[in-house]
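Going by the working numbering, the sequence shown opens with residue 388, and the numbers climb by one from there. Only one structure is covered here, and it is reproduced in the block below.
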Amino acid sequence: MDLMTLTQFSFYFGTASMLCASVFFFFERGEVAAKWRTSVTVAGLVTFIAFFHYMTMREQSIWYDQLQGGGLTSLRYVDWLVTVPLQIVEFYLILKVVGKVTSSLFWQLLAGSAVMLIGGLIGELESSLNLIGFIIGMVGWLYVVYLIFAGGAAKASSDSKNAAVQSAFNSLKLIVLIGWAIYPIGYVIGNFDLVTDGIQIMNIVYNFADLINKAAFGLVIWAAAKSDS
């Protein structure tokens, strides 16, 4: 399988996976306790929005032409600028289940994710700002990591006596730490000319990262909801 075929396969696999995850979450929302239904619904929205964008990106007549000119980046960031804030909402909703989280924490998480995305977008759209955009994006990501490992989110979770919340939060922390770290790897490969066909490899990496950070993220929410229902 050549790299072009592998790239196309990753788009098709991502499309199918996001659709299956969305259908699953929407059907399962009625099978969990009422306090978890909004969280499971948001998980379904995240994967459905991703499915919609993958439906566009998977068409070779679109993705191949835009891949060569870098235009695919704009489509990806439209997706991320919607779905990442929704994932921040999920973090907030999980902690809200125990009733010990302030709205300021939500805005802090949202601000960190916005800096991360805007930095990445600037760096990918303007080649002269690749490094600056990368640094800005990393600062935003590290701030989110700080909040959930040592900041207000970590404190709110530690105060909880709900085992399902604790389990979900610990799993989501690892996804943000490890899963979100896949994106900078793809960014470096695609924007710093380190390898041949870096743009194609970057998109394969991004597609793989989306599966972990959207579908797996939602499955963690669903598993916690089921165990607490």
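The beta carbon of each residue, even a glycine, is placed where N, CA and C say it ideally should be.
The beta carbon of I576 is closer than 8 Å to those of V582, G585, I588, M589, V592 in its chain, skipping five residues each way along the sequence. Taken atom to atom, the span from the alpha-carbon of F521 to that of L497 is near 18 Å. Per DSSP, reduced to three states, the secondary structure at D546 is coil, with no helix or strand assignment.
Boundaries of the alpha helix (DSSP H) around D466: 459-483. Below 8 Å, too few C-beta pairs join the segment 437-444 and the segment 477-494 to call them touching: fewer than three. Taking a cut-off of 8 Å on C-beta distances, the segment 499-507 touches the segment 516-536, as three or more cross pairs fall below it. F412 sits away from G539, with the two beta carbons spaced by 7 Å or more.
Using a Cβ distance threshold of 7 Å, A437 and K542 do not count as a contacting pair. I569 sits close to A596, with the two beta carbons spaced by under 7 Å.
In this structure, DSSP gives V552 a helical state, which the three-state scheme calls helix. For G510 against N578, the beta-carbon gap comes to about 7 Å, under 8 Å, which counts as contact. Residue burial annotation: I535 is buried, with at least 16 other C-beta atoms found within 10 angstroms of its C-beta. Counting along the chain, no alpha helix (DSSP H) covers N600, and no H or E run does either.
Non-local C-beta neighbours of W423 in its own chain, meaning closer than 6 Å and more than five positions away in sequence, comprise A612, ordered along the chain. Cβ-Cβ separation between V429 and L473: approximately 6 Å, consistent with a contact (criterion under 8 Å). 7 Å or more divides the Cβ of S409 from the Cβ of T392.
With contacts defined by Cβ atoms closer than 7 Å, G566 and V531 do not form a contacting pair. Short of 6 Å from the beta carbon of S397, and not among the five residues preceding or following it, lie these beta carbons of its own chain, in chain order: I591, N594.
Of T470, L508, L561, the smallest CA-CA separation from F439 is found for T470. Within the segment 492-529, no run of beta strand (DSSP E) at least 3 residues long lies entirely inside it. Secondary structure of F438 (DSSP, three-state): helix.
Looking from the CA of L598, the closest CA among T402, D389, Q395, V419 belongs to T402. For S514, the closest C-alpha among the options A421, Y574, K483, L559 is that of Y574.
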